[in-house]
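*Asks:* Note that the sequence shown covers residues 35 to 523 in the working numbering. Virtual Cβ for every residue (Gly too), placed ideally from N, Cα, C. For clarity, every value in this text was computed on a predicted model and none was experimentally measured.
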Amino acid sequence: MAKVTMPQLGESVAEGTIGKWLKQPGDHVAKYEPLLEVITDKVNAEVPSPYEGVLKEILVEEGATVPNNAEIAVIEESSGGTAAQDEAPAEATPTASEPAAASPAAAGADAEPESAAEPESAAEPAHGPAGSDERPVQEIDKPAIAASPATDGPAGAEARMTPAVRRLLREHGLDAAMIVGTGGGGRITREDVGDFVESQRTGKPVGKQDASGAKAAASAAPVAAPTAPAAAPARSSAPASVTISGTKIEFPDGADEVLVPMTQMRKGIAAQMTRALQVPHAYVQMEIDVTNLVRLRDAAKRDYQAREGVSLSFVPFVVKASAEALKRNPALNAHWTDQGLVAKRRINVGIAVAVEDGLIVPVIRDVDGLSISGINKAIADVSERARAGKLRVDDFGGGTFTVDNTGWLGTNMVMPIINVPEVAIVTMDRITKRAVVVETPDGDVIAIRPIMNMVLAVDHRANDGAAGAALLRDIKAWLEAVGPETAIY
35 MAKVTMPQLG ESVAEGTIGK WLKQPGDHVA KYEPLLEVIT DKVNAEVPSP YEGVLKEILV
95 EEGATVPNNA EIAVIEESSG GTAAQDEAPA EATPTASEPA AASPAAAGAD AEPESAAEPE
155 SAAEPAHGPA GSDERPVQEI DKPAIAASPA TDGPAGAEAR MTPAVRRLLR EHGLDAAMIV
215 GTGGGGRITR EDVGDFVESQ RTGKPVGKQD ASGAKAAASA APVAAPTAPA AAPARSSAPA
275 SVTISGTKIE FPDGADEVLV PMTQMRKGIA AQMTRALQVP HAYVQMEIDV TNLVRLRDAA
335 KRDYQAREGV SLSFVPFVVK ASAEALKRNP ALNAHWTDQG LVAKRRINVG IAVAVEDGLI
395 VPVIRDVDGL SISGINKAIA DVSERARAGK LRVDDFGGGT FTVDNTGWLG TNMVMPIINV
455 PEVAIVTMDR ITKRAVVVET PDGDVIAIRP IMNMVLAVDH RANDGAAGAA LLRDIKAWLE
515 AVGPETAIY
């Protein structure tokens, strides 16, 4: 008998919630076949089975939260199962910087940046005590993590979906009955929704999805007649539903307040930010003259887009500058522990990516060995997968430094919060044209130059402000030294 344990889905993740078991006792399970869905504050992932055999016992029921490495199931291995254990998919091979406590069950799982805890329907309004003058507060149902058993028909399709898939359906205004589920047991997957949306756009079948046929079936479905005339009250205090999309909140008629329960992601962010702000932060700020960087990027971006199929942004230049600067300032490429500073040889840079209802920081590994183009493509890939809910387990953990780009939102001064246990983070603000004093052989002149503000936060337990200033000075020097000869590839 082999025990399946709760994997560690992220370096700072200490526990996970069983969202849904995809197999039941008595079912045969192939190695790397999705066994269950696990929900954490960082990811919502299908966890593959580390063994081949028969699922004999489920030790943790759906909806329960258990710590990493806790035993959650028992599998009776088939012959040769143990030998096959050493053969893992290439893309799921753990890197040297992955947490040692990570379970083999985490290998190869697809991660989602969205939490599975999302509201699906509105609850009954909360009423105050008799005689209260307070208006009713509309409360959204706290999300139920445990999925209901699969059944036939549209209701069963709804039950078999992950919360992230439900969110995609809501975003595109689709109904579960319109989608052909290709997942285990007929589950609707993210790919199914994506294929259906593409079929809608092109008017042609994509994969197993045919939007034209689904639309016709939906239009032919009978519509239930109301049992009584719908008399619209002057003011309703109990709406049928409340929708929340990102930060957009709809206030129903008759409700002056709407309670928005925290999702798993928001709970995780709240806990991580609370831990991070217990760290004494020190900040250093510098202005970077990016005249030559802007010229280089503007000259190369059209050909680069045509050649690579992705746009060339300023972020990979900052990541490359940070990697080169960290080589000269290794005390900031590190983690802080109770025993002291743990310096890291490998430079793995986390890229802050904003997703609906949260922020995640997937990691680009060994950036010092990548070209600017390689970093750019890696960032574009991980950002696209993050927003599409297709992150992998090995996209998380092992980061040694973080770059945050808030400039695309128009910011000029952001004080970033360190992604603990890392000891430093840098943020890049918007590039703006300013009048600055420029030294020339003929004396000082006032010129219009593109300037980017950068702020570096350091963990003052690990380093002093002087060390942070030295790092930011080296980042500034690298960026200002960019010229026509700077290699992109």
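Can you tell me the Cα-Cα spacing of ARG341 and ILE385, whole angstroms?
*Replies:* Approximately 24 Å between the Cα atoms of the pair.
*Asks:* Since ILE409 is in the alpha helix (DSSP H), which residue starts that stretch and which ends it?
*Replies:* Residues 406-422.
*Asks:* Using the rule of at least 16 other Cβ atoms within 10 Å of the residue's Cβ for burial, across every protein chain shown, is MET526 buried or exposed?
*Replies:* No information on residue 526 is available, as it lies outside the stretch 35 to 523 that the chain covers here.
*Asks:* State the start and end residues of the unbroken beta strand (DSSP E) segment that holds ASN487.
*Replies:* Its beta strand (DSSP E) spans residues 477-493.
*Asks:* Between GLY403 and GLY433, what straight-line distance do the alpha-carbon atoms span, to the nearest angstrom?
*Replies:* Their Cα atoms are separated by approximately 15 Å.
*Asks:* Please name the residue, chosen from THR51, MET488, GLU105, ALA64, that lies closest to TYR317 on a Cα-to-Cα basis.
*Replies:* Comparing Cα-Cα distances from TYR317 to each of THR51, MET488, GLU105, ALA64, the minimum goes to MET488.
*Asks:* Which residue or residues does DSSP assign as beta-bridge partners of LYS37?
*Replies:* Its beta-bridge partners are VAL108.
*Asks:* What are the residues that DSSP puts in a beta bridge with GLN319?
*Replies:* Paired residues: VAL489.
*Asks:* Going by beta-carbon coordinates alone, are VAL94 and ILE106 separated by less than 8 Å?
*Replies:* Yes, these two residues count as a Cβ contact at 8 Å.
*Asks:* Taking the CB atoms as reference points, tell me whether LEU346 and ARG331 lie closer together than 8 Å.
*Replies:* Yes. Within cutoff.
*Asks:* What's the gap between the Cα of VAL530 and the Cα of ALA79?
*Replies:* With the chain represented from 35 up to 523, any question about residue 530 goes unanswered, as that position is not in the structure.
*Asks:* Among the residues of its own chain, which have a CB less than 6 Å from the CB of PRO364, if the five just before and after it don't count?
*Replies:* Answer for PRO364: ALA377, listed in chain order.
*Asks:* Could you give the DSSP three-state label for GLN373: helix, strand or coil?
*Replies:* Coil at GLN373, not helix or strand.
*Asks:* In terms of residues, what are the limits of the beta strand (DSSP E) holding PHE435?
*Replies:* Unbroken beta strand (DSSP E) run through PHE435: 435-439.
*Asks:* Tell me where the beta strand (DSSP E) around GLU95 begins and ends.
*Replies:* That residue, GLU95, is in no beta strand (DSSP E); it is neither H nor E in DSSP.
*Asks:* Tell me which residues share the same chain as GLU225 and place their Cβ nearer than 8 Å to its Cβ, disregarding the 5 neighbours each side in the sequence.
*Replies:* Excluding positions up to five away in sequence, the list reads THR216, GLY241.
*Asks:* For GLN306, which three-state DSSP category applies?
*Replies:* Note: GLN306 maps to helix in three-state DSSP.
*Asks:* Are there 16 or more other CB atoms within 10 angstroms of the CB of VAL471, so buried, or fewer, so exposed?
*Replies:* Classification of VAL471: exposed, given that the 10 Å Cβ count is below 16.
*Asks:* Alpha carbon to alpha carbon, what distance is there between LYS335 and GLY444?
*Replies:* Cα to Cα, the separation comes out at about 21 Å.
*Asks:* How long is the line joining the alpha carbons of MET40 and LYS467, rounded to whole angstroms?
*Replies:* Cα-Cα distance, rounded: 52 Å.
*Asks:* Just to check my reading of the structure: LEU89 and PRO59 have Cβ atoms closer than 8 Å, yes? What is that Cβ distance to the nearest angstrom?
*Replies:* That pair is a contact at about 6 Å.
*Asks:* For ARG426, name the three-state secondary structure that DSSP assigns.
*Replies:* Looking at ARG426 - three-state DSSP - the assignment turns out to be strand.
*Asks:* Let me know the secondary structure DSSP gives GLU342 once reduced to three states.
*Replies:* Note: GLU342 maps to helix in three-state DSSP.
*Asks:* Do TYR85 and LYS57 have their C-beta atoms closer together than 8 Å?
*Replies:* No. Outside cutoff.
*Asks:* DSSP state of ALA48, grouped into three classes?
*Replies:* Note: ALA48 maps to coil in three-state DSSP.
*Asks:* How about the region 497-506 and the region 474-487: do they share at least three Cβ pairs that are nearer than 8 Å?
*Replies:* No, because fewer than three Cβ pairs between the region 497-506 and the region 474-487 fall closer than 8 Å, the two stretches do not touch.
*Asks:* Please state the DSSP three-state secondary structure of GLN58.
*Replies:* Note: GLN58 maps to coil in three-state DSSP.
*Asks:* Report the rounded CA-to-CA distance for ARG421 versus GLN319, giving the unit in angstroms.
*Replies:* So the two alpha carbons sit approximately 30 Å from each other.
*Asks:* How many Å lie between GLY237 and LEU506 at the Cα?
*Replies:* Whole-angstrom Cα-Cα distance: 52 Å.
*Asks:* With a Cβ-Cβ cutoff of 8 Å, do ALA98 and ILE52 count as a contact?
*Replies:* Yes, they are a contact pair.
*Asks:* Enumerate in chain order the residues of its own chain whose CB-to-CB distance from VAL353 is below 8 Å, with the five nearest sequence positions on each side excluded.
*Replies:* Same-chain partners within the cutoff: VAL383, ILE385, ILE398, VAL401, ILE409, ILE413, VAL437.
*Asks:* Do ILE509 and PHE435 have their C-beta atoms within less than 8 Å of each other?
*Replies:* Not closer than 8 Å, so no.
*Asks:* Can you check whether the CB of MET449 is closer than 8 Å to the CB of ALA491?
*Replies:* Yes, Cβ-Cβ distance for ALA491 and MET449 is below 8 Å.
*Asks:* Buried or exposed for ASN446, going by 16 or more other Cβ atoms inside 10 Å?
*Replies:* When all chains shown are included, ASN446 counts as exposed.
*Asks:* Quick one: residues in its chain with C-beta nearer than 7 Å to the C-beta of THR325, no 5 flanking neighbours on either side, listed in chain order?
*Replies:* Closer than 7 Å at Cβ, skipping near neighbours: ARG483, PRO484.
*Asks:* My understanding is that SER83 touches VAL38, with C-beta atoms under 8 Å, so please give their C-beta distance in whole angstroms.
*Replies:* That belief holds up - the Cβ atoms of SER83 and VAL38 are roughly 7 Å apart, short of 8 Å.
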